[in-house]
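Please read the structure below before turning to the comments.
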Ligand SMILES: Cc1cc2nc3c(=O)[nH]c(=O)nc-3n(C[C@H](O)[C@H](O)[C@H](O)COP(=O)(O)OP(=O)(O)OC[C@H]3O[C@@H](n4cnc5c(N)ncnc54)[C@H](O)[C@@H]3O)c2cc1C
Ligand SMILES: Cc1cc2nc3c(=O)[nH]c(=O)nc-3n(C[C@H](O)[C@H](O)[C@H](O)COP(=O)(O)OP(=O)(O)OC[C@H]3O[C@@H](n4cnc5c(N)ncnc54)[C@H](O)[C@@H]3O)c2cc1C
Ligand SMILES: Cc1cc2nc3c(=O)[nH]c(=O)nc-3n(C[C@H](O)[C@H](O)[C@H](O)COP(=O)(O)OP(=O)(O)OC[C@H]3O[C@@H](n4cnc5c(N)ncnc54)[C@H](O)[C@@H]3O)c2cc1C
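Residue numbers (the working numbering), protein chains in the order written: chain V, 499 to 1043; chain E, 1302 to 1722.
Here it is in structure tokens:
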């Protein structure tokens, strides 16, 4: 008999954590289970564009309206993880002329704000745009949001409101009694233990994996995982979000993110949501399209190329909304206690969470209303507090600013800018890393990376992964169980998504990573040994079965 | 424009460039090195790997793996497939380095397993003298030493990995302790330890703590990464405790010390060196006509009978992968002559971080005169030769053969050139 909760949420993406925040604010006792780290699915692989809605005005006006509304709400509650870059829609010579009018008319109709700019005004705003290819453009309310941080802040608030969040806990099966789902069977991947949890309602917020999860219950959830790939460049090419003024398609958005710029994306239907390797073909598509807006793209150093699975749900019978889908399996499949949510966007996660939470609240007879749009997320700071704080003399300003940019007010209250610098590329301190482990639930090197950006810089952690592993070993007791495994799998993942873009300087950086760990460290020998051990232990397991 | 002439021009000052220059200069040839930037040698552990692994098997000597090397391997090309020739060549190559025994111990025939800065165990052959105690041996007691407040490495983590590695290599009977001492000073990073320990006060404190450790633990070896700029510094500590360094990459100094050691030799033998900002090769037909170097915005023309490319691989800077903007295709070219070095098969990029790497194998194909050759086996340029890791056909990462190949190819080339210049 496992622990009991009112609600269990499966999936720690932005949707799951949005729900965790909302329902725990309404006083429900909630558990969230995530098989890896929070934001390790589509959320941590998205473009990080806080849509103004303009991208969807023509094709999907309902989505556009939702985005426009949520965009404003998020600026109010999560301003500290949003960079108000503004956005441009640019028509290049190769984009259709007739889209311009459609765009303007649809913006007016949906209430999505846009302002036409002259060529001169555009160049003044973004001098790096290709002048020879530029026709017209519009200013819109796009912004850049840090998806890792947004997820994390929702997690903090959920925890503050009493929710339990367990990462590295994979739901492997459901417990069903007659026609009711009453609990889940879970694998704790760090302690390598099986567990059971019970709840009145279980929410399947596992994104692109929701179909796989449904299969365990014999349900046919029409999840259509759709892969999108993105390139991270090592500097700010543009300071605003740049979109192509044409129907949404491949490689037509640049989003600035911290000191980098991200170009995306592609759209390819895949059968297995875990199959998200960004391919050479996609890379070349992005380069081809990207060069329409930015001439020097070939000479700009890329740091990373990665892909994520969009959690699209297609062709459902009675869609709650066209933009995202909530499936109440009690109504659809006569299975009590399970609700699936899918589709949607990072930008609209809060709205999705609100709608789902309303349904759950009604089922459980809770009358409290949603407040997630009114209360700011933890760490929110205002400009006056910040400027007072910046007057402090004893810490280098650049370090302070970076730290505040990453943690908002939390940096100030927990003095996260103090300690030794662990990651030189991203200026991350030992205090910040210790905090992300002891207070923000980081359990692996990758988790620390997602929370602090340590090892996300151009050197791919060749200097800091061992430092981070050392701090984990000193501060998180369960790390003993996974030391080698984590080091090896982290380095493998870092390598995998950079090798395809291995050219110019990056190829050298990449190989340096190989050399340091294979050649000097002989870590390849350790990896081989562990791989063999793993294989043996899994084949032992299957023989027993 | 300034013009310079020489018998031989060597481009690149890693182990390959320096060794070739030293060997040629010792035979009375006039050598100029042209170089820019840092190479892989400075990033290495400064220990000479000869051949540690073949097909994932740990080797006790390069002899045990020689027969399994691919035909493209430089070891086979320099020796014509004859193992005793290779052994001779490499022994001579080592013996011709003056005073080598003050710096390296071991020999090319016998592999040693050495504890590294991460706690893994590395298979290598010639190791820096100050690392002798890091050789892993049955029944020994190792104490991994860290410093409070320094995060660059963590002796507990190192101990953990050493335990695993010792198991893999069959040394279950070693004893491992890990401790951190407090030098009572805030040290922002390990870089500073080198200079801090030059101060008498801290050196004395360290010695005191070391003596206490010897008293409390009586370890066979106390291990730290290669912190010191000069090995005499660790020698002076060894008077008080059995302290040794481990093979370690930058920011540690083992590789840099090897480069410095070779630099001193090159100067001793009157090799001239020119640090340049940029370099372009000028080719006409099948011949290198001259090099044009840029230094402080001025152009300098340099010409000679023979040109030697010792510019290293992708890491060293001699090769680069470029994205051809017209074809949107990746190509591998060298950075001085812009020669297309090899076709880039797409599979090159589909590898795991650990293990064999096609990417690491790419580089010039060569003949027995160390000339780069084309697909038909003909020399690409009649007066151009290559040495070191700019040569392809082997994967030093999975084999552990980097500086070994550098040694063998440098010596072989000098023999060939001495005949004709
Ligand atoms: C390439 C790309 C670019 C995008 N760009 C943008 C953008 O710029 N702006 C925008 O608004 N939106 C964007 N999106 C859409 C947005 O990223 C997603 O809609 C959103 O992140 C989905 O969040 P989610 O929580 O539903 O799914 P996910 O983030 O995928 O979360 C699902 C989680 O469930 C976990 N899980 C799966 N199975 C189990 C199990 N059995 N047990 C426990 N846990 C499990 C997974 O590990 C995962 O973490 C983009 C999407 C992609 C793919
Ligand atoms: C807005 C934004 C900005 C970014 N900026 C940068 C940047 O500046 N520099 C940079 O280098 N990168 C940047 N990234 C990319 C980021 O570092 C990762 O590459 C991206 O999140 C994909 O993760 P990955 O490469 O580890 O995944 P992959 O290598 O694709 O790993 C996928 C595999 O690992 C599994 N997995 C995923 N998470 C975990 C986990 N926590 N534990 C165990 N297994 C797991 C998955 O199930 C899958 O099988 C950015 C990403 C975003 C969204
Ligand atoms: C991290 C790491 C650890 C290693 N550890 C070991 C080890 O422990 N043991 C071992 O045996 N091997 C090791 N290796 C492999 C070994 O270091 C190399 O194989 C070897 O150093 C190659 O020597 P090289 O002289 O050919 O090239 P490099 O040392 O790379 O030298 C190339 C030189 O050419 C110069 N150069 C490059 N391009 C130009 C240009 N266009 N114009 C002018 N000059 C140029 C560079 O600045 C440099 O001086 C390691 C490699 C790495 C990367």
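Just so you know, even glycine gets a beta-carbon here, dropped at the ideal spot from N, CA and C. In this text, all values refer to a predicted model and were calculated from it rather than measured experimentally.
Confirm, please, whether the CB-CB distance from residue 1420 of chain E to residue 1476 of chain E is below 8 Å.
no
Step through the CB atoms of chain E and report whether any lies within less than 8 Å of the CB of residue 815 of chain V.
Caution applies to residue 815 of chain V, whose pLDDT of 42 falls short of 50 and renders its modelled position unreliable; the model cannot decide the point.
Any heavy atom of ligand 1 closer than 7 Å to the CB of residue 807 of chain V?
yes
Out of curiosity, what's the CA-to-CA distance linking residue 1033 of chain V and residue 989 of chain V?
20 Å
Given that a residue counts as buried once 16 or more other Cβ atoms are within 10 Å of its Cβ, and exposed if not, what is residue 888 of chain V?
exposed
Cutoff 8 Å: residue 1043 of chain V Cβ touching any chain E Cβ:
A caution first: residue 1043 of chain V carries a pLDDT of 34, below 50, which makes its placement in the model too unreliable to give a value.
Please compile the residues from chain V whose C-beta is within a distance smaller than 7 Å of the C-beta of residue 1453 of chain E.
965
Have a look at residue 1637 of chain E and residue 1591 of chain E and give me their C-alpha separation to the nearest angstrom.
11 Å
When you check each C-beta in the stretch 1013-1028 of chain V against every C-beta of chain E, which residues fall closer than 9 Å?
1013, 1014, 1015, 1016, 1017, 1018, 1019, 1020, 1021, 1022, 1023, 1024, 1025, 1026, 1027, 1028
Is residue 1085 of chain V near ligand 1 - that is, is its Cβ less than 7 Å away from at least one heavy atom of it?
Since the first residue shown for chain V is 499 and the last is 1043, residue 1085 of chain V is missing from the structure and cannot be characterised.
Quick one: which chain E residues come within Cβ less than 8 Å of residue 952 of chain V?
Chain E residues near residue 952 of chain V: none, gap ~11 Å exceeds 8 Å.
Could you tell me the distance, in whole angstroms, from the CA atom of residue 520 of chain V to the CA atom of residue 853 of chain V?
10 Å
Sort V:870, V:969, V:992, V:959 by Cα distance to residue 525 of chain V and report the nearest one.
V:870
Who does residue 1657 of chain E pair with in a DSSP beta bridge?
Answer by DSSP bridge pairing: none, since residue 1657 of chain E is not bridged.
How long is the line joining the alpha carbons of residue 903 of chain V and residue 823 of chain V, rounded to whole angstroms?
34 Å
For the stretch 879-888 of chain V against the stretch 643-659 of chain V, do three or more pairs of beta-carbon atoms, one drawn from each stretch, fall closer than 8 Å, so that the two count as touching?
no
For residue 517 of chain V, count the other beta carbons within 10 Å of its own beta carbon; 16 or more makes it buried, fewer makes it exposed. Which is it?
buried
Compute the Euclidean distance between the alpha carbons of residue 958 of chain V and residue 1721 of chain E, then round it to the nearest angstrom.
47 Å
Note down, in chain order, each residue of its chain lying with its Cβ closer than 7 Å to the Cβ of residue 600 of chain V, except the 5 sequence neighbours on either side.
556
For residue 1333 of chain E versus residue 1364 of chain E, is the C-beta distance shorter than 8 Å?
no
Ligand 1 heavy atom lying under 7 Å from the CB of residue 696 of chain V
no
Kindly say whether residue 1045 of chain V, judged by its beta-carbon, lies nearer than 8 Å to any beta-carbon of chain E.
Because chain V is modelled from 499 through 1043, residue 1045 of chain V falls outside the range shown and cannot be assessed.
Please report the residue range of the alpha helix (DSSP H) in which residue 1397 of chain E lies.
Where residue 1397 of chain E is concerned, there is no enclosing alpha helix (DSSP H), given that its DSSP letter is neither H nor E.
DSSP puts residue 637 of chain V in a beta bridge; with which residues?
V:586, V:613
The alpha helix (DSSP H) that contains residue 1518 of chain E, what's its start and end?
1501-1518
Who does residue 1336 of chain E pair with in a DSSP beta bridge?
E:1576
Using 7 Å as the cut-off, classify the Cβ of residue 942 of chain V as near or not near the heavy atoms of ligand 2, replying yes or no.
yes
Determine the DSSP secondary structure at residue 1024 of chain V, reduced to helix, strand or coil.
helix
Ligand 2 and residue 1350 of chain E: does any heavy atom of the ligand fall closer than 7 Å to the residue's C-beta?
no
Could you tell me whether any Cβ in chain E is nearer than 8 Å to the Cβ of residue 546 of chain V?
no
Between E:1526, E:1510, E:1527, which has its C-alpha nearest residue 1519 of chain E's C-alpha?
E:1510
According to DSSP, which residues form a beta bridge with residue 594 of chain V?
According to DSSP, residue 594 of chain V bridges with nothing at all.
Residue 1590 of chain E - DSSP class collapsed to helix/strand/coil
strand
List, in order along the chain, the chain E residues whose C-beta lies closer than 8 Å to that of residue 1010 of chain V?
1344, 1616
Looking only at its chain, what residues have a beta carbon closer than 6 Å to the beta carbon of residue 667 of chain V, apart from the 5 residues adjacent to it on each side?
531, 684, 686
What I want to know is whether the C-beta of residue 843 of chain V ends up closer than 7 Å to one or more non-hydrogen atoms of ligand 1.
yes
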